[in-house]
Amino acid sequence: MPELPEVETTLRGIEPHIKGHQIKDVVIRNKSLRWPIPASLKKNLSGQMLNEIKRRGKYLLFSTANGTTILHLGMSGSLRIVESGTPAEKHDHVDIVFENNKTLRFRDPRRFGCVLWTAKPVEKHKLISVMGPEPLSDGFTAEYLYQKSRSRKCTVKSYIMDSKTVTGVGNIYASEALFSAGIMPTRQAGRVSKKRYQLLVQSIQQVLKLAIEQGGTTLKDFTREDGQPGYFKQSLKVYDRAGQDCIECGNTIKQKTLNQRSTYYCSHCQQ
DNA sequence: ATGCGGACCTGTTAGC
DNA sequence: TGCTAACAGGTCCGCA
Numbered sequence: 010m011p012e013l014p015e016v017e018t019t020l021r022g023i024e025p026h027i028k029g030h031q032i033k034d035v036v037i038r039n040k041s042l043r044w045p046i047p048a049s050l051k052k053n054l055s056g057q058m059l060n061e062i063k064r065r066g067k068y069l070l071f072s073t074a075n076g077t078t079i080l081h082l083g084m085s086g087s088l089r090i091v092e093s094g095t096p097a098e099k100h101d102h103v104d105i106v107f108e109n110n111k112t113l114r115f116r117d118p119r120r121f122g123c124v125l126w127t128a129k130p131v132e133k134h135k136l137i138s139v140m141g142p143e144p145l146s147d148g149f150t151a152e153y154l155y156q157k158s159r160s161r162k163c164t165v166k167s168y169i170m171d172s173k174t175v176t177g178v179g180n181i182y183a184s185e186a187l188f189s190a191g192i193m194p195t196r197q198a199g200r201v202s203k204k205r206y207q208l209l210v211q212s213i214q215q216v217l218k219l220a221i222e223q224g225g226t227t228l229k230d231f232t233r234e235d236g237q238p239g240y241f242k243q244s245l246k247v248y249d250r251a252g253q254d255c256i257e258c259g260n261t262i263k264q265k266t267l268n269q270r271s272t273y274y275c276s277h278c279q280q
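Residue 111 in the numbering used here sits at position 102 of the first sequence, and the numbers go up by one each step.
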């Protein structure tokens, strides 16, 4: 479900309700996520002040004085703010209860998400330390993308979806950015020119920023923390549009599976 | 080091 | 209408 814009939308939605507030309790109804939720989470968080929430790629990092809670929404996860005491529904696996009568509630039907704990500096954590630059940061440049790709034989789509290359570019926005940049998704990463990587960097940043402004993409069931859908779907130019006309040239949008993921493109506009 | 396929799950939809 | 198969926005891990 969530890509970077959806995670960012979630962060902005929940932060005002819980940042700077004290955690009263943690309720774990089902610890079987991608990795087991550590039993120590309740003990570690109870009584702590939530100092800050940050996003790194698609991970949300909740910092308290004694460590960091690392949370990923996986494919189907969502976070909502509810009034404490609101009955939990199916797939509501974790509650973080605050003293201000607000509860941060984690729902995840497929349970591909995770909730982890680290007492070390979070950037040392093995999931975080290997990540590439943020796509909206200064470290994400055409020069970087180009140099790093020179010996790579994988497709350019696979390359930009690799979190070690750049974090947070998921399946929707990879297709969208490659269309915007006029690059065929199947092209070898090592065979893309610096000039075209320049276009790609701009396209990735543009599409992510626009999606964040519009509150993320709601395809099926993504809702923001307040239950409202995101509005980026109406801006999608190729994703989920197989068989329809390309909005640039009128040719038919094609779909093919690449690295086990659905990929959408226009064979006229993209080379 | 890189690339690939499998793994983890449930819910929804397409097709017969 | 009902059953079954395919597919879904992620990404880590192990193996070649």
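We put the beta carbon where it would ideally sit given N, CA and C, even for glycine.
Alpha-carbon spacing of residue i relative to residue j, whole angstroms
i           : j           : result
residue 97  : residue 221 : 29 Å
residue 144 : residue 270 : 21 Å
residue 262 : residue 104 : 43 Å
residue 255 : residue 197 : 23 Å
residue 115 : residue 259 : 42 Å
residue 273 : residue 223 : 22 Å
residue 190 : residue 57  : 46 Å
residue 35  : residue 160 : 47 Å
residue 72  : residue 213 : 29 Å
Close Cβ partners of residue i (< 7 Å) along its chain, the five nearest in sequence each way excluded
i           : result
residue 183 : 166, 169, 170
residue 41  : 120
residue 151 : 203, 206, 207, 210
residue 162 : 197, 199
residue 118 : 85, 100
residue 265 : 272
residue 64  : 16, 17, 20
Where residue i falls: helix, strand or coil (DSSP)
i           : result
residue 61  : strand
residue 342 : For residue 342 there is no data in the structure shown, the boundaries of the chain being 10 and 280.
residue 92  : strand
residue 199 : helix
residue 241 : helix
residue 76  : strand
residue 178 : coil
residue 262 : coil
Within 8 Å, strictly: CB atoms of residue i and residue j
i           : j           : result
residue 112 : residue 140 : no
residue 257 : residue 216 : no
residue 12  : residue 67  : yes
residue 279 : residue 219 : no
residue 19  : residue 239 : no
residue 16  : residue 70  : no
Cβ-based neighbour list, residue i, same chain, cut-off 8 Å, excluding 5 preceding and 5 following
i           : result
residue 142 : 148, 149, 153, 175, 176
residue 253 : 261, 262
Close Cβ partners of residue i (< 6 Å) along its chain, the five nearest in sequence each way excluded
i           : result
residue 180 : 270
residue 43  : 121, 123
Worksheet item: How about the stretch 240–249 and the stretch 36–55: do they share at least three Cβ pairs that are nearer than 8 Å?
Response: Cβ pair count under 8 Å is below three, so no.
Discussion item. Check whether the stretch 49–60 and the stretch 74–91 touch, using three or more Cβ-Cβ pairs below 8 Å as the test.
Written reply: Touching, yes, given that three or more Cβ pairs across the two stretches are closer than 8 Å.
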